[in-house]
Structures are given as structure tokens and as C-alpha cells.
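Data first, discussion second: the structure below is written as C-alpha cells.
Numbering (our numbering), first residue to last: 3 to 567.
Written out as C-alpha cells, the structure is:
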């Protein structure tokens, strides 16, 4: 363990008497947490890096959370009173904590790797569950501290430095509440569903929550900036006292000396009591069946749960038939079709891939809404009289079309990565003369799955509003998306799909490549808008884009083993 883990472990074990009252063996709890934290620090670093590189990665993660905390500062622009602003901030902070738990800590929440070591020991259910919860709390502390730091600075500016000692305990208690809420939700799902369905339900829940958060990150700041969000006063709403973020905000102001209302003491009591009672609820009532259910989940994950496979056999067969039909249309028989089917099945089944790529559809939908509803009066007028609003409507629809490239740009960065990359040994045994056809099939799969569905709705909307006369420009927009996607695939798909450890790909480099891809989409979209009024230029450009798609896919198909990496 490093010194940060030691400090956090000591803090986590401070209420030892409370743990003992809940039936927890404190000595065993300390041993379990020490082992888990030691294992966390011994995860291998890929790509030739060592301990120094892992520290840099941790600093990068904390820097990312610090930027997210700076983003949350927009909440202090909502409302007139300090109570309203702090309540909005605490609400957004709780959402970000839950978001981090769902996206990055699910493997810890339902970790079954240590069951074969801990479960045979004389460890009680209360000790086992408490160790899991405290391990999660310690790991998330490294995320929460930089996330809450900008809010602390803003609160100090708003209420004075004397409010800082009141801020951090409330942040810690709210974080604890978020940890227990998400963990209790998972435990309840385990109790009401079968282990075979558990991972599928969690996957859907995670992706839906991520899409909601990503969409909100695009919509809410624009609503605040446009004045759509009024200057609300949360204290004027009686039901707000039922909302936990209000408790923490009100208690924080009370402890800092900014509030003296009798109801604030009730908020202080709730902000302290509810997280602690949540601990007791999880340990006392939900933990007894947790270990047994986790063992069943492990059996399903390792292939011993045959019932889960049979339950989804019909659905998988229907998806497979549709994929094979699309593959016959787009690929040649043999290696290229095998690459298409492999990438398609992994893209539809891999939770890691879906968690990173699918939420971008929420980002895309939010940007669609922001673009179309930026000027509602013009939109209503365009619906009634499209011909008169053509100078405004065509650029808007082209913008919506080019926004559709967001999911594909992220998918191209993630298609080579997999948390289970060790299974890629099978490619070393396959008698492939060249990897190009296999990668080319995967590239066609990504274009079909993530680009065509994103481009067709705005194109259909454009034809419905503007008639068939707008079809050449809309087709050019779709062709440009295909061309940019094919060029992007030619540039980035230099490794076999799903064969590279996630840690081997720099997150900063992937983010920069995604930003450059978005800049390319914007530049091409601007040129398209400038040329949209010249029919012969549109037709010539359409043929040129189709040629670029063919050349890029042809180049990918000719890739050799020497050009890989």
C-alpha cells in the first residue's frame, strides 16, 4: 500500500466500535481491506510502463476529476440564495458520485475474484459486506477529493474561509450515501432477479444512466446560459426538505454559521443519521444473501450457469440472423465476413465497449436537441413553411447530420481495446495470410452499426421538411460521414479488434484523436454548407466521397502483418 491508502485505511477504521456493534470482526476487516488495497497497487501496467507510469495514470485520473469539479461550478450561477446554489451543487455532486460508481467501480461493487479466498474462512456476512463497502469508499475517495475541491473554493469565496471545515464533512457523508445507495440497489437487484439476468440488467442500467448524464452535460449548461433555468429559491418549495442534497447544503450552511433556522438542525440530523443508518441497513438486512448470490453470479460468468445461455438463446439467434444478412450485403465471403461478424457480436455483447461507446448516442441526441431547439420560433415557422425558412433550415439539418459522426469516432478509438484481451491468442493460431480483410470487415461493421443509424434520421427529417430537392445535399452529408469514418478507420485500426489491453492505450491520446475527428467533421460540414447552393459541386463531391470510401476500405483490406501496430 502507498501512504495515501494507509491514511484512508486508518480513517475508514476509526469507527471500529460502531462496526463491532453491527457484528463486524474489526481484526478480520482490517486484514481484508489491507489485502484488497495491496492487490489494487499490484495490478500490472501494460505497454512497457512500470510503477512510475501507474502513478502518472493516477494523477491523470485525479486531474480529470478536477476538471469535472470545475465544470460543476456552473451550479453556483443558479438561483439567488446561497442555499439554492449549494443545493444544486450538492445534487450535481451526488449525481457525479453515482455516475463514477456505476461506470468505473462496478467491477469492485460485484467483484467475485476474492470469493475463493475469503468465503472458506470463518468470516461473517457482516464483515464481508462491510469490507466490500469500505474498500469501495477508500477507492472512490481519490476520485471525490479532486471532484469536490473546486466547490470548496467556491463555497469559501461565497461564505468565507470559516465554512471550509463544515464543507468537507458534508461532502464525505454525501459520498457515503451515494456509495450505499448504488450498492444497495445492486444488492436488491441480486435479491429479486436471477444471477443469469443480473449482469444484463446492470449493463442496461449503466448504459442508460451514462447516456442520461452525458446528455444532461450538454443540455443543462446551455439552459443556464440561455436563461431558461429561472432564478429559483429551493427554500420556497416545501417538498425540497425530502431531498438528501438539500439536507447536506442546509447543514453545511448551519455549521458555517450562515443559517440559524430550527429546520436546519433537522437537516443536520438527517445528513448525519441517514448515511449511518444506510450502513446498518446494508450490513444487517441485505448482506446475508449477498455472498450466496455472488457465488451464483461467478458461476454464470465462468460458464457454469447454463440456464442464462438458454434464456437468451432465441434473442441471440434473431440478432445473429440479422447480422448475417447485413454481412452478406456488405462483405465478401471468408475472412472479411468473419471480421464483420466478430466485431458486430463483440460490439453488441462487450459491456466494456458498450459502456464507452453507447453513451455517445445520448451525447449525439442532446446535441441534436440543442441544435434544433436553439431557436424554437424559427423551428415552428420552418415546420409550417419550409420553403421560406430554407436558408436557416438547410444549414441546421446539415449540422445535425454531421453530429452523427460522434459515436463512430469514439467506437474507432475503442474497437482495439478489451479488458479480456488475453483471449486474442486465437488470432495467433488462425491461418491468416494478411490481417487486412479481417480488419476491413470490422471497419465495415462499425460504419454500419454506428454511422448509418445516426445519419438516417436527420436525412429522413430533411426530406420530409424540404422535399426531394434537398436529397442531394443530405446524401452528400451522409457520404462525407462515410468518407471521414473510412479514413478514420484506415488511420486508427492498425491492430486486430479487441486484442489490446485497455491500459495500453493512452486515454489522453484517445481523447485528442476524438477531438481532432470532431474538428474534421466540423470543417467538412462548413465547406459543405458553403458549397450547398451549387448543384454540380454537390454532385462532383458526392462522387469524390464515394471514391474516398472505396479507396480507404481497399487500403485497409490490403494491410499486412508488417504494417500492424
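Idealized CB from N, CA, C, for every residue including glycine.
Given the structure is predicted, the values throughout are model-derived calculations rather than measurements.
Close-in-space but distant-in-sequence residues of the same chain around residue i (CB under 8 Å, 5 per side omitted)
i, result
"residue 465", "472, 473 and 476"
"residue 554", "485, 488, 489, 491 and 492"
"residue 544", "474, 477, 478 and 481"
Residue i, buried or exposed, once every other Cβ within 10 Å from all chains shown has been counted against 16
i, result
"residue 130", "buried"
"residue 167", "exposed"
"residue 89", "buried"
"residue 306", "Low per-residue confidence applies at residue 306: pLDDT is 48, beneath 50, and the placement is therefore not dependable enough to give any value."
"residue 398", "buried"
"residue 176", "buried"
"residue 81", "buried"
"residue 336", "exposed"
"residue 565", "exposed"
"residue 98", "buried"
"residue 433", "exposed"
"residue 449", "buried"
"residue 530", "buried"
"residue 162", "exposed"
"residue 5", "exposed"
"residue 536", "exposed"
"residue 19", "exposed"
"residue 21", "buried"
"residue 264", "exposed"
"residue 240", "exposed"
"residue 41", "exposed"
"residue 468", "buried"
Nearest candidate by alpha-carbon position, reference residue i, set the options
i, options, result
"residue 365", "211, 252, 442 and 542", "211"
"residue 160", "95, 170 and 255", "255"
"residue 438", "356, 411, 419 and 333", "333"
"residue 455", "203, 429, 529 and 404", "404"
"residue 396", "410, 374, 407 and 558", "374"
"residue 270", "407, 169, 408 and 250", "250"
"residue 328", "319, 518, 343 and 336", "343"
"residue 563", "15, 246 and 436", "436"
"residue 190", "203, 179 and 14", "203"
"residue 518", "503, 440, 537 and 414", "414"
Beta-carbon spacing of residue i, residue j below 8 Å
i, j, result
"residue 568", "residue 532", "Residue 568 cannot be examined here, being either before or after the span of the chain that is shown, 3 to 567."
"residue 547", "residue 498", "no"
"residue 445", "residue 520", "no"
"residue 7", "residue 31", "no"
"residue 148", "residue 64", "yes"
"residue 2", "residue 266", "Nothing can be reported for residue 2: it is not among the residues displayed for the chain, which extend from 3 to 567."
"residue 135", "residue 284", "yes"
"residue 26", "residue 132", "yes"
"residue 24", "residue 128", "yes"
"residue 156", "residue 165", "no"
"residue 482", "residue 539", "no"
"residue 66", "residue 150", "no"
"residue 260", "residue 522", "no"
"residue 34", "residue 140", "no"
"residue 153", "residue 95", "yes"
Rounded Cβ spacing between residue i and residue j (contact assumed at less than 8 Å)
i, j, result
"residue 146", "residue 183", "Not quite, the Cβ-Cβ distance comes to about 15 Å (not below 8 Å), so this is no contact."
"residue 418", "residue 501", "7 Å"
"residue 102", "residue 142", "7 Å"
"residue 36", "residue 75", "Actually they are not in contact, since the Cβ atoms of residue 36 and residue 75 sit about 37 Å apart, beyond 8 Å."
"residue 524", "residue 457", "Contact flag wrong, Cβ pair sits at about 16 Å."
"residue 346", "residue 325", "5 Å"
"residue 277", "residue 178", "4 Å"
"residue 451", "residue 320", "With a Cβ gap of about 16 Å, residue 451 and residue 320 do not count as contacting."
Same chain, Cβ closer than 6 Å to residue i, neighbours up to 5 away in sequence not counted
i, result
"residue 380", "394"
"residue 242", "236 and 248"
"residue 362", "408, 409 and 412"
"residue 78", "87 and 156"
"residue 100", "180 and 184"
"residue 549", "none"
"residue 352", "none"
"residue 551", "484, 485 and 488"
"residue 68", "148"
Proximity test, Cβ basis, 8 Å: residue i and chain B
i, result
"residue 25", "No chain B appears in the structure shown, which is made up of a single protein chain."
Cβ-based neighbour list, residue i, same chain, cut-off 7 Å, excluding 5 preceding and 5 following
i, result
"residue 2", "The question about residue 2 has no answer here: the residues shown for the chain are numbered 3 through 567."
"residue 58", "Unreliable placement is indicated for residue 58, whose pLDDT of 45 sits below 50; no coordinate value is reported for it."
"residue 402", "370, 373, 374 and 460"
"residue 442", "338, 341, 555, 558 and 559"
"residue 258", "161, 164, 165 and 168"
Near the ligand FMN: residue i beta-carbon under 7 Å from a heavy atom
i, result
"residue 78", "Looking at this structure, you won't find the ligand FMN or any other ligand, since it has none at all."
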